[in-house]
Amino acid sequence: MAALDATIAHLRHVGVPIVGVLPGAETGVMLADRVSDRMGLTTNGADGMQEALFSLSWHLRDGFVQVIVKPVESAGSDDVFLCRSMDEVKKAFGNIQGKINHLGLQNRATLVQEYLTGTEYVVDTVSRDGEHKVVAVWEYDKRAVNGAPFVYYGVLLREASGPTILAIIEYIFKVLDALNIRHGPGHAEVKFVGGEPCLVEIGSRCHGGEGTYIPIVTPCIGYNQVGATLDSYFDPDAFDKLPKMPSKLQRYGCEAMLVSYATGVVNSFPAFPEIQAMPSYVSQSFHTKVGDVMPVTIDMFSTPGSVLLVHADKAVVEKDYARLRELEHHGLWDLSPLPNTVANPTKMVVVVDPFSTGAVVAQRVISRGFSCICLYSNLLENMESVANLVPDGIALEFAATVEHAGSSVQDTVDLLMAAATDYCHGGSVEIVAIIPGAETGVLLADAISEVLDTTGNDMNYTEARRDKYLMGEALRHAGIRAVKQAKCTEWSQVAAFIKTLPQPLEVVLKPVNSAGTEDVTLCLSEDEAHKTFDAILGKVNGLGLTNTCVLVQEFLDGDEYVIDTVSCRGHHKVTAIWKYDKRRVNDAAFVYFGLSVVPAADDVVNALIDYQFTVLDALGFQNGPGHGEVKFCRGAPVLIEVGARCHGGEGAWVPIADTCVGYNQVDVAVDVYVGRLEVFDLLPERPLKLPQYGCEVMLVSYQDGVLRGLPGLAEITKMPSFLRKDLLVKVGDSVRRTIDMFTTPGSILLIHTDPDVLDADRRRIRELEHDGLFALESI
């Protein structure tokens, strides 16, 4: 909202009246609508098209015929996959999700659609005050070649006549009305399937393709979409004079998209003279030049160029079009094979479960020049609850996606090596690191690291680094203070443990394997403990794991801290210390209100760090990250739990660490895994001073309801310490009372040089949570 306000302020000071804001490309549609709406200009309205989050549903059955898997927002058949099996769907999903597409947008969601057979058409329209006019109808020539299902061969201009095209036009007018496209251009792709039209997609902007269609439609129709769009905004009389649709063409035309069937270095284009002498030739546009490497054409972004054809005789256009297709196979270009080079093995990194901060880990791996394989520790359909935990703005393009389907570790290693070799087209490959991205990936990352002999931790303690009960017992066995606890599968075991605790009763029950304080419950009576035990046991938790037992622990009073570490060759360094703000609200004992970064500047914090180093030694941490939660209780530190992976929270804390500490746990851990040990060696053992103060304010909702707005957000974004907002809900979503990390509506990052300013902003956010931040409608 603040950025939008700033943009409008700049527009209002350009020195001339602003009478219209139009989208130039697909990427500009939403901004044009929002700016126009706020400035009171002609617009389709900012509420007509809301961003939506989609979760890929794995309800497709074995034997399904064909589906389309593609980004929700892209263009030009960019990463549009035709899938004929579930394995192909999963591979396509892994290739799309998180990638920066050719529009420069991150693929935050993947769309799965039924595959529509039939001829595809484009209907270009322009609207004014709800009146729609067709300015061109095109027939697509798309074919399956070069291993790609939808390669553009061309677009052929058609008359707006005949029963098929007229039915399509009538249908598109209804689509425009349904989507509230009342002003400006529309670019609709529609298929005629089974005797009726069906929309593929529509953009509320002009036909793309760099505007190469304009020299075709202008002589063939007498006007074009760009001019008609300007008329719809600024010259209503001219718009009114346009016909409803171009039912007759003055000439015939097409754009032939050139297709390459081979790759190589371009030496020349020997067929140019023949093309230029064609009767229908208008112009050509080549993206590939002499000396360039020409790729095999698989989409609009890999085409070598195009040729425009226009003529009064339709048969002449069709003949020239057919000749172009012949020349593509022989004579159009002269290519030299790419030189064979002896390459070093391609170095690849595997990230196991790149969810939450694991997505940031994968991003940093890729940014260091390594190809990255995504490995799921389970079948993806069993991990739906965590698969969508990918932070905003993360650009991921995996070399391959592999699932550990409950088979042996060696089977999964074989699948990884096969995927890596396939990605390198049979060339030499070396997997240099196996990194756990999330808590669910810790055990599998350990096991595969052992098989491949990559950098990792002591395998004698692999279970203790994952199982909270075994963790505490390992500490106790090593003579290190540990919480008093019992792992229980029956209520009688819980009751027996409770009898060993002092009165009045304070006992904590929680899953053995979970995260984010989910189902971590402080019970003050035996009856409350019994109900909590029954609620936890057998439940599928937020990590997608079934709670087969319940951990029962003494309650530890005192301030709680997080000690984030990275280890290298058994030597440990602290990358950040955080002080938790957890409170008892909404009938839950441990609700995250936030965390603040603190220096290693007082005796308590340094005692916690020294204790945590002994914990890491006792649990076999030798290489990689550690995320330890520790309390200072009754005069000494004691471990709550430690994870053998990076700090979670979808990596929202990384910008705070970068600014306030100067580096972050993710970058340091990745450098250790890939062998950049000098980076680790240069870091201090612990951050003694902080140049700025920072915190993450976890938002807390005190009511259930449907979100109708966030009126208090504008005030927050104008706060002097405001850095970033990470919202996990949008208008129309159901909001639950916050009881753990999985039910928080989002978070706000604050950074400032003055701690008093930071504290004031944080207090104000807490006030807004009670009155003004959320507009909720009762369910």
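Count the sequence shown with UniProt numbering and you get residues 1 to 779, in order. Don't be surprised by glycine CBs; every beta carbon is placed ideally from N, CA and C.
- Between I168 and V123 a beta carbon distance of about 6 Å is seen, short of the 8 Å cut, so the two are scored as contacting.
- With 16 or more other CB atoms across the displayed protein chains lying within 10 angstroms of its CB, M294 is buried.
- Less than 8 Å divides the Cβ of M245 from the Cβ of K133.
- Out of K582, V668, L707, the CA that lies nearest to the CA of F590 is found in K582.
- By alpha-carbon distance to D320, the top candidate from A601, A277, H287, P504 is A277.
- If you keep only unbroken alpha helix (DSSP H) runs of at least 4 residues inside the region 560-637, you get 603-618.
- Proximity to G538 across L522, A607, S514 peaks at S514, based on C-alpha coordinates.
- Around the beta carbon of H627, a 10 Å sphere encloses 16 or more other beta carbons of the protein chains shown; the residue is thus reported as buried.
- In the displayed model, E189 falls within a strand according to three-state DSSP.
- Beta-bridge pairing by DSSP links P197 to F192.
- Judged by DSSP in its simplified three-state form, D681 adopts helix.
- Of the residues A644, W138, I751, the one whose Cα lies closest to the Cα of P436 is A644.
- Annotation for V134: the continuous beta strand (DSSP E) segment containing it runs 131-145.
- Excluding the 5 residues flanking it on each side, G772 has same chain C-beta neighbours closer than 7 Å at P711, G712, in chain order.
- Under the Cβ criterion (8 Å, minimum of three pairs), the region 447-460 does not count as touching the region 646-666.
- Taking the Cα of Q363 as reference, the smallest distance to any Cα among D235, V550, R762, D667 is reached at D667.
- Straight-line spacing of the CA atoms in T575 and V520 works out to 27 Å.
- Between W491 and Q97, the alpha-carbon positions lie close to 43 Å from each other.
- Contact annotation: R368 and V674 have beta-carbon atoms nearer than 8 Å.
- In its chain, beyond the 5 residues on either side, P345, T346, K347, M348 have a beta carbon closer than 8 Å to the beta carbon of E430.
- Look at M459 here: in three-state DSSP terms it is helix.
- Remark: C-beta atoms of D704 and V735 approach each other more closely than 8 Å.
- The beta carbon of L176 is closer than 7 Å to those of T125, S127, H132, G186 in its chain, skipping five residues each way along the sequence.
- As computed with DSSP, S336 is found in a beta bridge with V265.
- Pairing Y252 with V307, the inter-Cα distance amounts to about 14 Å.
- If the five residues before and after E139 are omitted, its C-beta is found closer than 6 Å to the C-beta atoms of Y121, L156, R158, all from its own chain and listed in chain order.
- If the five residues before and after E777 are omitted, its C-beta is found closer than 7 Å to the C-beta atoms of G705, V706, R708, all from its own chain and listed in chain order.
- Between K725 and I640, the alpha-carbon positions lie close to 29 Å from each other.
- Contact between L619 and A474 holds, with the beta-carbon distance rounding to 6 Å and staying under 8 Å.
- Per DSSP, the unbroken beta strand (DSSP E) holding Y152 starts and ends at 148-158.
- Collapsing the DSSP output to three states places K241 in a helix.
- Q692 sits close to T753, with the two beta carbons spaced by under 8 Å.
- Around the Cβ of M459, a 10 Å sphere holds fewer than 16 other Cβ atoms; the residue is exposed.
- Separation of the CB atoms of Y561 and T744 is rounded to 20 Å, and the pair is thereby denied contact status at 8 Å.
- Your pair L338 and V265 checks out as a contact, with CB atoms roughly 7 Å apart and the cut at 8 Å.
- Under the three-state reduction of DSSP, F93 is assigned to helix.
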